[in-house]
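*Asks:*
Residue numbers (the numbering used here): 224 to 545.
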C-alpha cells in the first residue's frame, strides 16, 4: 500500500466510556482489523494514506457516537520513537499473525497426512479456506512486508495443492518451471534481505546462474518486468512451497543433491520457518551471524556479499566441493 509524501503516520488518540464494556471490545477488534499498533495507552498508529485516513475517520466517528472522545492527527516522530522502530512494531504484529496461521496450517497438514483418502477431507478443506481468507486479510494490512508472509503463503498454498490430490503431495509441490534457461538472468527479491533470500542468492549465483544479477524491490505492489525471475516473494517463480523454504525449492528445481547443499538447506529451513524440522545444531550460530550481517548494513548487495562469504565457509565445513 503506497504511503503519502506528507507526514508518514496517522495517530488515533481516543478515550472510551467505562461502560458498557462491549464498546471497548468492539473498538479494540476494529483497531486490530485495521492493522493499527499501539504507541501508548489509547494512542494507535497507522501509516498515512488515503485508505487509512478514511479508516481512522470512520472509527473516530464510531467512538464519538459511543459517547467517547477521539482525535485523528498526522504525525512525525522526533523523540522517543523513530520511524524504523515503529515499522518494526507493524512487522512484529503481522509476523505474529503469520505465525499463528502457519501453525494452524501445519496442524491441518499433519491431519491430512495421517488420514486415509476417505477421511474428513471436507473439514480440512473448509478450515483451509478459512485460513486462506485470514491470510488475505493479514496481507491487506501488512504495510511493510513482514518476514513471515512468505512462509505462511507457502504453507497455505501447499496445503491447498495437497487437498487437490489424494495420492501424494510431492507432485503438487513442484514449482512450475520458469520460461527460458536459468542463465544470465535478472533475479528479483524483496528489499531488506534476510536469511532465506541471502542463502538463495548465494545458491543462485554459485550453483545455478553464475551470471545472475539481483534487483531489490518493495515487498508489496511490485509488477514484474518481462524476463525477470522473482524469488522468496509473493507469487514469485521461486518461493516457499508447502513447508519448504525458497532455498529448498531452488535445490529441488535445479536437481542439486549434493549433501553439503542439502545440509545448508536444512539449516536455512530451521532458521527461516522456525519449526525445528531438522534440529540442526548449527542453527543458533548461523542465525546469530546472519542477524549480525543484517544489523550492520541496510545495503542489500553488501548483505549478500557478506552472507556469501559466510555460506562459502559453511559449505566447506559440510564437505562441499571446492
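Cβ coordinates follow ideal geometry from the N, Cα and C atoms, glycine included.
If you draw a straight line from the C-alpha of residue 367 to the C-alpha of residue 471, how long is it?
*Replies:* Each residue's alpha carbon lies about 25 Å from the other.
*Asks:* Is it right to say residue 547 is buried, meaning 16 or more other beta carbons lie within 10 angstroms of its own, or is it exposed?
*Replies:* As shown, the chain starts at 224 and ends at 545. That puts residue 547 outside it, with no answer to give.
*Asks:* By alpha-carbon positions, which one of 246, 320, 483 ends up nearest to residue 292?
*Replies:* It is 246 whose Cα lies nearest to the Cα of residue 292.
*Asks:* Leaving out five residues on either side along the sequence, give the residues of the same chain with a beta carbon under 7 Å from the beta carbon of residue 421.
*Replies:* Here the set comprises 513, 526, 527, 530.
*Asks:* Please classify residue 277: is it buried, with 16 or more other beta-carbons within 10 angstroms of its beta-carbon, or exposed?
*Replies:* When all chains shown are included, residue 277 counts as exposed.
*Asks:* Can you round the beta-carbon distance between residue 297 and residue 271 to whole angstroms, since I take them to be within the 8 Å contact cut?
*Replies:* Rounded, the Cβ-Cβ distance is 6 Å, consistent with contact.
*Asks:* Using a 10 Å radius around the Cβ and a threshold of 16 neighbouring Cβ atoms, would you call residue 416 buried or exposed?
*Replies:* It counts as buried.
*Asks:* Per DSSP, residue 293 is paired with what?
*Replies:* Paired residues: 237.
*Asks:* Under the three-state reduction of DSSP, which class applies to residue 453: helix, strand or coil?
*Replies:* Three-state result, residue 453: strand.
*Asks:* Take residue 447 as the anchor and find which of 282, 423, 411 has the nearest alpha-carbon.
*Replies:* Nearest of 282, 423, 411 to residue 447, Cα basis: 411.
*Asks:* Whole angstroms are fine: how far does the CA of residue 532 sit from the CA of residue 450?
*Replies:* Taking the straight line from one Cα to the other gives about 28 Å.
*Asks:* Classify residue 316 as helix, strand or coil using the three-state DSSP reduction.
*Replies:* In the structure shown, residue 316 sits in a helix (DSSP, three-state: H, G or I).
*Asks:* Assuming residue 237 contacts residue 301 under a Cβ cut-off of 8 Å, what Cβ separation, rounded to an integer in Å, is found between them?
*Replies:* The Cβ separation is near 22 Å, so there is no contact.
*Asks:* Below 8 Å on the Cβ atoms is my guess for residue 430 versus residue 483; work out the distance and round it to an integer in Å.
*Replies:* Not quite, the Cβ-Cβ distance comes to about 11 Å (not below 8 Å), so this is no contact.
*Asks:* Starting from residue 500, trace the beta strand (DSSP E) in both directions and tell me its first and last residue.
*Replies:* From DSSP, residue 500 is part of no beta strand (DSSP E); its letter is neither H nor E.
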